[in-house]
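Note that the working numbering has the sequence shown beginning at 212, numbered continuously upward. Glycine residues also receive a C-beta, built at the ideal position from the N, C-alpha and C atoms.
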Amino acid sequence: MTSSAEGIGARVTRREDKRFVTGKGRYTDDMTVPGMAHAAFVRSPHAHAKVTSLDASAARAMPGVEAVLTSEELVADGVGNLICGWMIHSKDGSPMKMGAWRALEGDTVRHVGQAVAVVVADTPARARDAADAVVVEYEPLDAVVDALDALKPGAPQLHPEAEGNLIYDWEIGDQATTDAAFASAAHVTRMEIRNNRLVPNAMEPRAALASYDEAEEHYTLWTTSQNPHVARLVLSAFYNIAPEHKLRVIAPDVGGGFGSKIFIYPEEMVCLWASKKTGLPVKWAADRTEAFLTDAHGRDHHSEAELALDADNRITGFRVKTVANLGAYMSLFSSSVPTYLYATLLSGQYAIPAIHANVKAVYTNTTPVDAYRGAGRPEATYLVERVMETAAREVGMDPAEFRRKNFVRSFPHQTPVIMCYDAGDYDASLDAALQAIDYAGFAARKAEAASRGKLRGIGFSCYIEACGIAPSQAVGSLGAGVGLWESAEVRVNPVGTIEVLTGSHSHGQGHETTFAQLVSDRFGVGLDTVSIVHGDTDKVQFGMGTYGSRSGAVGMSAIVKALDKVEAKAKKLAAHLMEAAEGDITLEGGTFKVAGTDKELPFFQVALAAYTAHNMPEGMEPGLKEGAFYDPTNFTFPAGTYICEVEIDPDTGKTEIVDFVAADDFGTIINPMIVEGQVHGGLTQGIGQALLENAAYDEDGQLLSGSYMDYCMPRADDVPSYRLMTTVTTCPGNPLGMKGCGEAGAIGSPPAVINAITDAIGSNDLVMPATPAAVWQAIRQGRTAEAAE
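Take a look at the structure:
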């Protein structure tokens, strides 16, 4: 740990925020190139229909229209179908059933908003007007939007490849051992649990600007991507858009992602193809309606869960059946979310000897579903923590002590569902949260609320997540189509300034600050001498991007490896220049020193000597630049305890969160201020899911919550002033001891909120979102049930 005010552990203000808050950010839609045209997509108004005809003659004749392009031309030019990049096999060994997904559909549309043609015109308005003039005739087909309905005999069939709409029927764990645990259980808790569908709603909608240089036969794509290198790989290797060395992908400033900008969408593909087709640069920027209809949605699980306890209230078995709605098509990483990112976390923080989970993934006539902040971990935590709270109530045990009784305490701990927890102290987080919430005083607060006619409740969530999404060999064996390492290059310039090129991508995480803090801490240089370069495939050789809270544990670990190499070379050069033994050289406060002497050289002088190359050790190459790849040895496992306290008006069902405590273990923290901001954002998103947000469809597949008039986002008065604290167990699997923090708030908060509400109203029959109407109805149903008894 450095004593510097800018190094590891310092609360440094984010350097990038100056340009953001002053309107100087450079987003994809800010980019312009000479001769740029604009794209507008013709989209299906039907959730399921045959395309019987398409007449673009009127549109092509409109002023400013350069082209109207259709699926027929796309297919003729050999543009490939979109793919899912993670292979899952069913329990019978058969591969998942991936339906064909064209960037422009000319045969059968399978969700509202699917593109059937694109108009390219000289202005956005003319492009939209011409798109409205394209006449498409459809033969409507029956639609299905609920995953359970999609599995029923006679349900509308989406893809010929997937009989009965079943994508895969997958399992994990030992079924026989788990069944035996239930056969001998003293108590079994059973629940049906619904995890509601969400729309990501990043601040910046998706956008793309594609430019084809005919002379060089080279493409450039500016896009709102969390992983531009993976985008280039997929566009070249699978979609046949361009050879990889002839395609540059740039992700400039990106206004939030939350997972929804990991994937390749039809619009980016079509813009690149249309640029070559028309000979013009082509820009497309989504409006918010398009975002609701086409951005990959999140969550949407139906589950049945059973928890077996022995006579001492220790967990002996856990059995889960989940049906996951993946929408109309398989998005890039969709198959992994309800399998290896979900079921592998069903042990929670608990020592459960036997677990078995069965997951069925299903097609429906809805927007495709993929990773959304937490990606499988929120679904697992919600299920585990709702069941844990319910079980504690059923056996008459304090929910905190029931959890404590079943905590894992010996590490490393091998769960029955693949994961091996490397380090943790779950009691420490629980104790910190209990003290902060004043748990002992809750009964008095509940009584005081009752005197005012209000219902007060308290709810717990002890979450754990797996971050880093690694190592590559392990995820490869589980079906991942790519490795999940990260790269870095550290360039020390002749005057001692430093450039760090990273394969991670920042879209709100503050990498330009935290990554520079790491370098400052290591070399003792000022933050203003360090620049972070990312998001450009022509500048950074390759990288895997940012998702799964991997930027610290994986991305920064790659930087550490590169810094190690730079420091080793610089020390060798410094030893030569000062005529000292290499082992006697130290680097302190930006100065190389010879131990036990007054000899020293500032960092910039050693850097300059590396480039003048007048006096180098024999065999040493000039320059001071090193690269590294880092592939983790294990996942990391952030964990914590969240406690929510609510007060409910029984006459209206309105819920007020009166207190919320979050005690997290993120391992080593680089910048506490940035971590707190990440947790605040995650908690707010989780509370939004618990109380407000829901992507609702009618039976015909029309999205009923397709705007902010109908899809309720959390506002400032919906959330409390959070109280955050951290406990620390360092991760043994990476050089910095980091675990990750970006998704924790969204993972741990929904069950804490719902557990608090159900505690307050005395009824467990409640699904997310717990709107005032839903809570009011649950209270009435609970009173009716009590009266009947």
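- What residue range is occupied by the uninterrupted beta strand (DSSP E) comprising K836? Element bounds for K836: K836 to Y841.
- Query: Taking DSSP as the reference, what is the three-state secondary structure of S422?
  - Reply: In this structure, S422 counts as strand in the three-state DSSP scheme.
- Taking Cβ to Cβ, would you say V701 is nearer than 8 Å to V777? Judged by their CB atoms, V701 and V777 are nearer to each other than the 8 Å cut-off.
- Query: Does the beta-carbon of C952 have 16 or more other beta-carbons within 10 angstroms, so that it is buried, or is it exposed?
  - Reply: So C952 ends up on the buried side.
- For the putative contact between K865 and P983, defined by C-beta atoms under 8 Å, what is the C-beta separation to the nearest angstrom? At roughly 5 Å, the Cβ-Cβ gap stays under 8 Å, so K865 and P983 are in contact.
- Item | Contacts around D303, its chain only, beta-carbon distance under 8 Å, and the 5 residues preceding and following it disregarded | Taken in chain order, the residues that qualify are D380.
- With 16 as the cutoff for other CB atoms within 10 Å, does Q646 come out buried or exposed? With fewer than 16 neighbouring CB atoms inside 10 Å of its own CB, Q646 falls in the exposed class.
- How about the stretch 604 to 616 and the stretch 770 to 784: do they share at least three Cβ pairs that are nearer than 8 Å? Output reads no: the stretch 770 to 784 does not touch the stretch 604 to 616.
- Using beta-carbon positions only, say whether I1001 and V930 come within less than 8 Å of one another. It is not possible to answer for residue 1001, since the shown part of the chain is limited to 212 through 1000.
- Specify whether the stretch 613 to 630 and the stretch 556 to 565 touch according to this definition: at least 3 beta carbon pairs, one from each stretch, less than 8 Å apart. The stretch 613 to 630 is in contact with the stretch 556 to 565.
- Can you grab the Cα-Cα spacing for the pair S545 / I294, in whole Å? If I take the Cα positions, the gap works out to 10 Å.
- Query: Where F622 and T847 are concerned, what is the direct C-alpha to C-alpha distance, given to the nearest angstrom?
  - Reply: Those two C-alpha atoms are separated by around 13 Å.
- Task: Report yes or no: do three or more beta-carbon pairs, one from the stretch 903 to 921 and one from the stretch 888 to 895, lie closer than 8 Å?
- Result: No, the stretch 903 to 921 is not in contact with the stretch 888 to 895.
- Query: Pick from G801, I885, G763 and G807: whose alpha carbon is nearest that of D795?
  - Reply: For D795, the closest C-alpha among the options G801, I885, G763 and G807 is that of G807.
- Message: Do A396 and L504 have their beta-carbon atoms positioned less than 8 Å apart in this structure?
- Response: Their beta carbons are not under 8 Å apart, which means L504 does not touch A396 by this criterion.
- Going by CA-CA distance only, name the one from A602, L359 and Y758 that's closest to K532. If you compare the alpha carbons of A602, L359 and Y758 with that of K532, the shortest gap goes to L359.
- Task: Closer than 7 Å by C-beta to G200: which residues in its own chain qualify, once you throw out the five before and the five after it? Chain order, please.
- Result: Lying before the first or after the last residue shown, residue 200 is absent from the chain, which here runs from 212 to 1000.
- Task: Run through the stretch 318 to 370 for me and flag every whole beta strand (DSSP E) of 3 or more residues, listed as ranges in chain order.
- Result: With a minimum length of 3 residues, the continuous beta strand (DSSP E) runs that stay inside the stretch 318 to 370 are 326 to 332 and 346 to 351.
- K950 versus V978, N966, I881 and Q900, residue with shortest Cα-Cα distance: Looking only at V978, N966, I881 and Q900, the smallest Cα-Cα distance to K950 is reached by I881.
- Query: Looking at the structure shown, is Q625 part of a helix, part of a strand, or coil, going by DSSP?
  - Reply: Strand at Q625.
- Between the CA atoms of R321 and E374 - distance to the nearest angstrom: Cα-Cα distance, rounded: 16 Å.
- Query: Can A769 and S698 be called in contact, C-beta distance under 8 Å?
  - Reply: Cβ distance < 8 Å, so A769 and S698 count as in contact.
- Item | C-alpha distance - I859 paired with F653, whole-angstrom precision | Distance between the alpha carbons of I859 and F653 is about 15 Å.
- Query: Taking only runs of the alpha helix (DSSP H) that begin and end inside the stretch 846 to 881, which ones reach a length of at least 4 residues, in chain order?
  - Reply: Taking only runs of at least 4 residues, no alpha helix (DSSP H) segment lies wholly in the stretch 846 to 881.
- Below 6 Å CB to CB, which residues in the same chain sit around R271 once its five sequence neighbours on both sides are set aside? In chain order, V279 place their CB closer than 6 Å to the CB of R271, counting only its own chain and leaving out the 5 sequence neighbours on each side.
- Query: Given S731, which residues of its chain have a CB within under 7 Å of its CB, disregarding the five upstream and five downstream residues?
  - Reply: In chain order, S215, E217, G218, G737, L738 and V741 place their CB closer than 7 Å to the CB of S731, counting only its own chain and leaving out the 5 sequence neighbours on each side.
- Item | Cβ distance (whole Å) where A516 is taken to contact M402 below 8 Å | That pair is a contact at about 5 Å.
- Query: Which residues in the same chain as E1010 place their Cβ atom closer than 8 Å to its Cβ, once the five residues preceding and following it in sequence are excluded?
  - Reply: No answer is possible for residue 1010: it lies beyond the span of the chain, which begins at 212 and ends at 1000.
- Determine the burial state of T724: buried for a count of at least 16 other Cβ atoms within 10 Å of its Cβ, exposed for fewer. Its Cβ being crowded by 16 or more others within 10 Å, T724 is buried.
- Unbroken alpha helix (DSSP H) runs of length 4 or more, entirely within the stretch 423 to 502: which are they? If we require 4 residues or more, the alpha helix (DSSP H) runs fully inside the stretch 423 to 502 come out as 439 to 448 and 477 to 489.
- Message: Runs of 3 residues minimum, wholly inside the stretch 662 to 691: which ones carry the beta strand (DSSP E) assignment?
- Response: Within the stretch 662 to 691, the complete beta strand (DSSP E) runs of at least 3 residues are 666 to 675.
- Message: Looking at the secondary structure, which residues open and close the alpha helix (DSSP H) in which L543 lies?
- Response: First-last for L543: undefined, no H or E at that position.
- Query: Looking at the unbroken alpha helix (DSSP H) that takes in P961, where does it start and where does it end?
  - Reply: For P961, the enclosing alpha helix (DSSP H) covers residues A955 to I972.
- Task: Could you say which of N524, W433, Q900 and A354 lies nearest to V244 if we only look at CA atoms?
- Result: Checked all of N524, W433, Q900 and A354; the closest Cα to V244 is W433.
- Query: With a CB to CB cut of under 6 Å and the five nearest residues on each side skipped, what residues in its chain are close to S662?
  - Reply: Residues of the same chain with a CB within less than 6 Å of the CB of S662, apart from the 5 flanking positions on each side, do not exist.
- Minimum C-alpha distance to N1037 - residue among V329, K487 and G897: Residue 1037 cannot be examined here, being either before or after the span of the chain that is shown, 212 to 1000.
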